[in-house]
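Numbering (this note's numbering), first residue to last: 3 to 739.
Right, here's the structure in full:
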């Protein structure tokens, strides 16, 4: 177990230098990076939704201000009605009623001051001061002078206070056609007509009440008749535009306007006829008071109610859109966060398992197993990791078996060398232990050889003893000695052949060890080449990642430029809307100017058409820009998806590089073990070759003995001396009993 732990510790790859130079993103976990990505997308989306909701709320607030601004016209209407009644009652001598009307005028002015912003109160204060002149004129001036004073007072301040109320409430800037034209007809054109109608009624009634020269009254009515036609044309034009913009107004505002026009037309005809005849007797004041005035008030009420209904409906619709938008955004956020959490878990959980398994594997635990739960890149990485761990376990088992086999072989060789050293020292009683490895055959052959050699030496000792004891019988036993020498030579040759076979076996084993070492070195070189290839792949993927990121930045810059173009288009659109409004106001003013403003009305109408064309072109440009922005957004999304895929490929290649580094380390260790086995086998070959040389020397001695026996026939006198020498030589061998 300790050896396994040391091997795992040695095979642990060194930490690459690039891992120590990571940025702050590299120090974040995958879950934190996913959260950061969600935040990067969520914050702009939240800001955009907030801006949309704020714009919707601004529209609601603006419309509510318009709806509240309608109440400003109630004191204006009260001022106009009570001043008219004050003048009428004063001219008729009804001073108590006139005093009540004057008090109502002052109360209406006070109400208007409370409801109006301070910046618009200066005109009201001036109106209050000038209004005080009118009661003072009662009883001191003629009726016509009082009427003209009333006309000047109303003409001077009524339009200005109306414009102030429209500006304060925002009705003047209403961008919706139906509500704008309802406002224009009801709150601008119709009050002018009603004021002139009241002045016409007061003028006709005063002229009929004071018989005499009607020229001054007719001059005033002549101007009023001309103004009636222009004002009525402007009023009907605005009503028609409002009905075209909103056909639902035809049954309310349209009918009321038509009824008022039908009632006002006879009045205008009577005034024109009286002016032509030069007398006031043809004017029916009841048509003015009970007909046109009542119909005008009804049209004013109908227009005001229609405008309030349109604004309230717009507020309700905006609130419904706001609530629907909030509901959709909340639903989208819930779905997005749910999907993000599930996606994060599906990525972080397998990565955590893979990280824990990798840490355990790096600490030497080769029994780790990562569950494969997906079919994506993470599942492929887990499957690859399991295969690599299985291969490492198999390699480790093979290495342990080879190390144990090498240790056993080394022990057997050491024991056998001890036995051969004792045999070389003359102890022929020693025998090697026959093992089950390749050395067992060699040991068995050596044991057989030693047995035979012991037998031969025993026979030699016996023969030497016989020669010593019966040297006289030497010649008789010479033939036996020759035969023994022949036998010894043959056995020695056979032993030499067996030793040679053992030597060849050891040489083959040494060659196999050298080939194993060479294979291990080739595996090490292949793993190094694979590591260099993976490093090159990592560099290439890094370049691809930088290029993809650069493309993403340029596309985002293009999106920002499209947003700037959108802002410019919005500015042009607002300018077109304001130009259209100014052209409309110019048309109204030109219509009020009569024949002198007809040319200017044509120019204003052309300006309005040009503004409409500009608005339509701007709308088309805005649509094209939104299409381009959507396409840019899709391209940015695709580029960011490609960036994430490159990042994943980069991490997979880095992991493959680490696995190849580990395989290279294992191959280096296998090469070291093969080199050790090769060295040990070469040492064994040298030892066996020494034994072979010893056997060959023994064979040579046997052959020399054979020659000596042959020569002994010629030198029988030296036989006894040689036999004694032979006994002394054999005395160092320890033979088995």
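Beta carbons: idealized from backbone N, C-alpha and C, even for Gly.
Computed from a predicted structure; not experimentally measured.
Rounded to the nearest angstrom, how far is the Cβ of residue i from that of residue j, given a contact under 8 Å?
i	j	result
residue 1	residue 118	For residue 1 there is no data in the structure shown, the boundaries of the chain being 3 and 739.
residue 55	residue 324	7 Å
residue 120	residue 164	At roughly 18 Å, the Cβ-Cβ gap does not stay under 8 Å, so residue 120 and residue 164 are not in contact.
residue 313	residue 68	5 Å
residue 85	residue 152	7 Å
residue 272	residue 289	7 Å
residue 436	residue 442	5 Å
residue 173	residue 71	6 Å
residue 236	residue 590	6 Å
residue 349	residue 62	With a Cβ gap of about 43 Å, residue 349 and residue 62 do not count as contacting.
residue 300	residue 258	6 Å
residue 336	residue 251	Contact flag wrong, Cβ pair sits at about 42 Å.
residue 269	residue 224	Contact doesn't hold; Cβ gap of about 14 Å is too wide.
residue 315	residue 650	That belief does not hold up - the Cβ atoms of residue 315 and residue 650 are roughly 54 Å apart, past 8 Å.
residue 93	residue 208	6 Å
For residue i, count the other beta carbons within 10 Å of its own beta carbon; 16 or more makes it buried, fewer makes it exposed. Which is it?
i	result
residue 608	exposed
residue 778	It is not possible to answer for residue 778, since the shown part of the chain is limited to 3 through 739.
residue 367	exposed
residue 129	buried
residue 723	exposed
residue 355	buried
residue 333	exposed
residue 11	With a pLDDT of only 41 at residue 11, under the threshold of 50, the placement of this residue in the model should not be trusted; the figure read from the coordinates follows. So residue 11 ends up on the exposed side.
residue 416	exposed
residue 389	exposed
residue 615	exposed
residue 784	Summary: the structure shown does not reach residue 784, with the chain confined to residues 3 through 739, and so no result is reported for it.
residue 298	buried
residue 19	With a pLDDT of only 44 at residue 19, under 50, the local geometry of the prediction cannot be trusted, and the value read off the model is given with reservation. So residue 19 counts as exposed.
residue 681	exposed
residue 738	exposed
residue 455	buried
Mind checking whether residue i and residue j have CB atoms under 9 Å apart?
i	j	result
residue 309	residue 189	yes
residue 429	residue 736	yes
residue 100	residue 87	yes
residue 155	residue 180	no
residue 227	residue 274	yes
residue 78	residue 167	yes
residue 426	residue 391	no
residue 219	residue 232	no
residue 149	residue 234	no
residue 372	residue 352	yes
residue 160	residue 197	yes
residue 394	residue 664	yes
residue 51	residue 327	yes
residue 241	residue 187	yes
residue 444	residue 432	no
residue 145	residue 229	no
residue 362	residue 374	no
residue 764	residue 107	With the chain covering only 3 through 739, there is no way to say anything about residue 764.
residue 136	residue 89	yes
residue 573	residue 612	no
residue 583	residue 175	yes
residue 302	residue 40	no
residue 122	residue 158	no
In three-state terms, what does DSSP make of residue i?
i	result
residue 572	helix
residue 437	coil
residue 102	helix
residue 96	coil
residue 373	coil
residue 227	helix
residue 248	coil
residue 379	helix
residue 26	coil
residue 400	helix
residue 31	coil
residue 144	coil
residue 424	helix
residue 85	helix
residue 281	coil
residue 336	helix
residue 209	helix
Pull the bridge partners of residue i from the DSSP assignment, please.
i	result
residue 429	736
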